[in-house]
Structures are given as structure tokens and as C-alpha cells.
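Protein chains in written order, with our numbering: chain A, 925 to 1227; chain B, 7 to 279. Think of the CB as a built atom: it goes at the ideal place given N, C-alpha and C, for glycine as much as any other residue. Since the model is a prediction, treat every value here as computed from it, not as a measurement. Scroll down for the structure; my scribbles are underneath it.
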Amino acid sequence: MAKITSSLVSRLVIIIPYAWLLFFFLIPFFIVFRISLSETAIAMPPYTPVFDLSEGLSGILESMRAFSADNYVWLTEDALYFNAYVSSIVIATVSTVLTLLIGYPIAYGMAKAPRSMRPMLLMMVILPFWTSFLIRVYAWIAILKPEGLLNQFLIATGLIDQPLIILNTNAAVYIGIVYSYLPFMVLPIYSALEKMDHALIEAAQDLGCTPTAAFWRVTFPLSLPGVIAGCLLVFIPAVGEFVIPDLLGGSETLMIGKTLWNEFNANRDWPVSSAVATILLLILVIPIVYFQNVQSRADGEER
Amino acid sequence: MVRWSRFNIASVVLGFGFLYLPIVLLVIFSFNESRLVTVWAGFSTKWYTQLWYNRGLLDAAWVTVRVALLSATVATVLGTMAALTLVRYSRFRGRVLFSGMVYAPLVMPEVITGLSLLLLFVAIGLDRGFWTITLAHITFTMCFVAVVVQSRLLSFDRSIEEAALDLGATPVRAFFAITLPVIAPAVFSGWVLAFTLSLDDLVIASFTTGPGATTLPMKIYSQVRLGVTPEINAICTILIGIVALGVVIASLVTRRREIQRDRDERAAFAVSS
């Protein structure tokens, strides 16, 4: 095999994106952590500097002593933050389960579709994903409003006589998350199901399995990698979701992404928002690392 | 044999209905005569003509398109490099960290990415505005490009490239003459994906922007907060139209290439036999 690793060009191919991600993705997290330890100040930028490199090592050591955990103490003292974390996790979990329940049959139906139709179906799942997230969330406001299209339809068909209040409740947030993240669930499950050898199902049925038993004992376990990838792709971003709870949720909807946004934009409290972000990241570190393992394992298998 | 049962068909049809109905309704009501977005009062294109006179909106659209074009292009180059690194170099120091940094942004909540990039820009003293949004967009979209290109590279038959190397081509030449043309459709769809992600982004752009650079999603968001209006439906319809057109063109290009490749392969086979 021709090894080209020695050449300068191939080294650059590694170094350039590596350096980019280090600088713009990894290092910023350390800055967030650093600022979460500083104190709020009425200035621009609105925090007291924690490091001053111009004073050299002694300056850094000096400033280390000025680190304060005040922002974290503040987060534990105010129940608002704790509740927002818990409620974000609950909302994300429920939405992930709902998305799975709706997404699995769609992916299953697509994988069973005639081979010639599959590329088109795949295209149709991807297409909404390419249209703006904001627009898709916005579209639901007109549908869910008290005088909106859903209520008009339900009243016209005589199913209800009082409009349902859905907009600005948690129900609307669930609908929004399921709707926006559905393609993320369908695609990995579909690709797992599509790769599956149908002879396995036939074998199970020949050996006396009912179709239902064959599904639960053969098909579902084989699609599990797709299910896990799909659930992580929905759950992790949903925990920190901002646009959906802000536009569809109401005052009862507590989500940490919204809290962080308000802390940052309305209260201009950068250190506290940094502390909120740091804790959110700590909560999400385990699922994120797990997601990376699933991803790299999937790549390894294909090789 | 595989059977497409009634249950399968129903779940696909209902699922697609759920995915498309809100968008279709949004498009329909952008042509509504009335100011109300939920009561149909006749066909009209007046909201589109009004858009034309909305300076703030047009400026925002122009900023957004420039950010998207620039960031998608740089992200495609960086993302393709990252994909090559992931697929070709299985062992180098810090590979685990590297693949972690490529996959993590795919799921990272936008509020975290946005806040952390803003704090970086403040720390290094960069003036916030057009350029900081562009840098932020390059960073998160390059990972999506990397994943798209990576999946194509994994199924790429390396022996043709090795043949080129054996015949004396330099690695750079072999890449541009052999590998790039083969993975070009994936690189192109990576670019389109990066472009639409950048066009779409509200949260990261809001964090990293400064005075003077307002993007279209930021403009739409501030208007949506005031209420649903047919003008917003009209802007959204135009954006959906642009994206749909882009996707159709992208798929036509890909299909054309595939047909061409099939024809070439058949021709080559005919000659050799």
C-alpha cells in the first residue's frame, strides 16, 4: 500500500482542520469555564478579568486566588436553575421517546418500500431538514393558536366546541421538538433497517416465529444501533434547545437553553450564563462521548 | 418476499403528511389577502411586493447570503480535509480528540457553541460583526461537511488512487485527478448542507454578531416575537423556494453524474472485452 503520510501536504491535511477545531471549538470551552469563575462587573466585557497574561506566571498565580465559585453557589441557591435543568432533561426525554415512537414506523415503512421508491422517500425525509428550523417552528404557531388552523378544523368537524389551548404550553414544545427532530430519528433507523438481510426474518419465520416475535427478536435488535444514534441525535440538542421553548412554550415552560439566553441577553450576566453553560456541558458530556463512540464504531464497521 | 403492507404505507404517508403539512400551510397563507394568517380571504401577492420595499429585511438577507456563501466554501475545504484525516490516517497522536471534536459539534446545543465562541472573540479582541459570524459558521458547519464526505470516502475504492500513485502521480495530483472527481457529489452536497445550515442559524449568529450585522433569521425572529404576519410567511416561502431549488439542482447534478459514470463504465467494458 502506498503510504503518503510522510509528505508535507498530508501533514497539512491533518494539521489545518485540527488546529481550527482546537482553536474555535475546544479552547472556547476553557474560556467559558474561566469566565464562569469570575465576578460580574458593570463594564464591557461585563466580567472581571481572571487572567492577565501580561503579568506572567506570577500574575496568573495571583489571579488564580481571585477565582470565585460565587456563580455556582448562586446557581444552587436559586431553585429556578435546578428546576430548569431537571425540566429540560424531562422534556428532552419525553420528546425523544415520542420521536422514536413516531419515527420508527416511518423508517420501517420506508425500508420496506419498493427499492425503486426508496431514494425518493429518502429525499423527502431530508428535504424538511434543509428548510429553515426557525421557519418550521414558526409554521406551528399559526396551526396551534387558539384561533389557529388546528382548532378551526376540530371545531368544524364537531370534535370539540371549545378551542384547545396548545400554544404556549409544554404540549406545544413537545410537538415542536418531535416535528423538528423527526428526520434525525428516521434517517439512522432507516439506514440500519435498509442494510438488514431480509433472509434473517424469513429464517425466523420458517423456524416458527410469528411476524411480531420475528420483529422483536430479529428486526428490532438489528436496528438498535440506528435507534441509539437517533435517540442521541434528538436528546442532546433538545436538552439545550432555545428556539422551540421560546416561540412555542409558555411561562410554565422552563428550559435551560432559554434561561441561559435570558441570563445573557436580558440580564447581561456573562459569568452566570457561563456557569449555566458549564453545568449544561457537564450534564451532556456522557451522552456526547457515548454518541462519539457509536459514531466511530459505525465508521469502523463500514471500513 | 418483502411486502409493503398497508401498515407500512400508512405510516409513511402519515409521517410525510406530518412533515409537510405545516410547511404547505405556511406557503398557502403567504398568498392570503387578509392580514390574518389563519383565515383565508382570497389570493394575493401583495405581501411579496411589500417585502421589496423593506430595506432592513433586504439588507439582512444580503448579509446572510454573504455569510453563507463564504462560510460554506471555507467549511467545505476544511471539512473535506477533516474527512480525509478521519478516513485515511487511522493512527496519529490525538486522533481520538480529533474525531471527538468533529462529532461533538453535530449535537452540541447551539447556546453553548454560541456563548463559547462569543467569549473567544471577546478574549482575543476581535470586532464582532460579519467576520465573527462567518468564523462561527465555518466552525460548526465544517463538521457536517466532514461527516457527509467521510461516508462517501469510506466506500471509495482506493485501488484506483493507488494505481495513479504507482504510475508516478504525486499524492496531490492523485487526489485532484482521481479522488476529488469521485467524491465530488458528496463534497457538493456537503457545501449545500453547510450553506443551508448557515442560512438558517439564529442562535449562534445572535451570540457572535455585533452592531451592524443582522442576519435574516435574527430579523425574522424579532418579528415573530411580535406576532405572526403574512410578510413573514412570504419571506419564509421565498427561503423555502430557494432551498428546494438548490436541493433539486443538487440531486439532478448527482444523478447526471451517476448516469454518465454508468455509461463510461459500460463503454470501458465494451472496449476491453
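Closest by C-alpha distance to TRP10/B, out of TRP944/A, ALA1031/A, MET1179/A and GLN1076/A, is ALA1031/A. Shown here, ASN1092/A sits in coil according to DSSP, grouped into three states, outside any helix or strand. Neighbours of LYS1119/A in chain B, taken as residues at a C-beta separation under 8 angstroms, are lacking, since the least C-beta distance is about 13 angstroms. Here LEU1146/A is near ALA1116/A, since their CB atoms are less than 8 angstroms apart. In the displayed model, ASN38/B falls within a strand according to three-state DSSP. Beta bridge pairing from DSSP links PHE49/B with ASN38/B. With its beta carbon at least 8 angstroms from every one in chain B, GLU963/A lies outside the interface. SER195/B places its beta carbon less than 8 angstroms from that of VAL154/B. Contact check for PHE146/B against VAL69/B fails: the beta carbons are separated by 8 angstroms or more. If the five residues before and after GLU1071/A are omitted, its C-beta is found closer than 8 angstroms to the C-beta atoms of PRO1087, all from its own chain and listed in chain order. Between VAL1049/A and VAL1110/A, the gap from beta carbon to beta carbon is short of 8 angstroms. Contact note: TRP1054/A reaches chain B through THR202, VAL249 and VAL253, using a C-beta cutoff of 7 angstroms and chain order.
For the set TYR1214/A, GLU1187/A and ILE1207/A, the Cα lying nearest the Cα of TRP998/A is the one of GLU1187/A.
In the three-state DSSP reduction, ARG231/B falls in the coil class, being neither helix nor strand. Here the alpha carbon of VAL234/B sits roughly 20 angstroms from the alpha carbon of ASN1094/A. Among the CB atoms of chain B, one or more fall inside 8 angstroms of the CB of LEU1156/A. The Cβ of GLY23/B sits no closer than 8 angstroms to any Cβ of chain A. Under the Cβ criterion (8 angstroms, minimum of three pairs), the segment 206-219 of chain B counts as touching the segment 116-133 of chain B. Excluding sequence positions up to five before and after LEU1091/A, its CB lies within less than 6 angstroms of the CB of LEU1068 and LYS1069, all in the same chain and listed in chain order. Contact annotation: ILE1207/A and TYR1009/A have beta-carbon atoms nearer than 8 angstroms. Here the C-alpha atom of ILE238/B lies approximately 40 angstroms from the C-alpha atom of TYR1214/A.
Residue contact check for TYR942/A against chain B: a CB pair falls below 8 angstroms.
By alpha-carbon distance to VAL193/B, the top candidate from MET148/B, PRO223/B and GLY174/B is MET148/B.
Residues of chain B with a Cβ closer than 8 angstroms to the Cβ of PRO1038/A are, in chain order, TRP10. Assignment of HIS1122/A by DSSP, reduced to helix, strand and coil, places it in the coil class. Contact check for TYR1062/A against CYS242/B passes: the beta carbons are separated by less than 8 angstroms.
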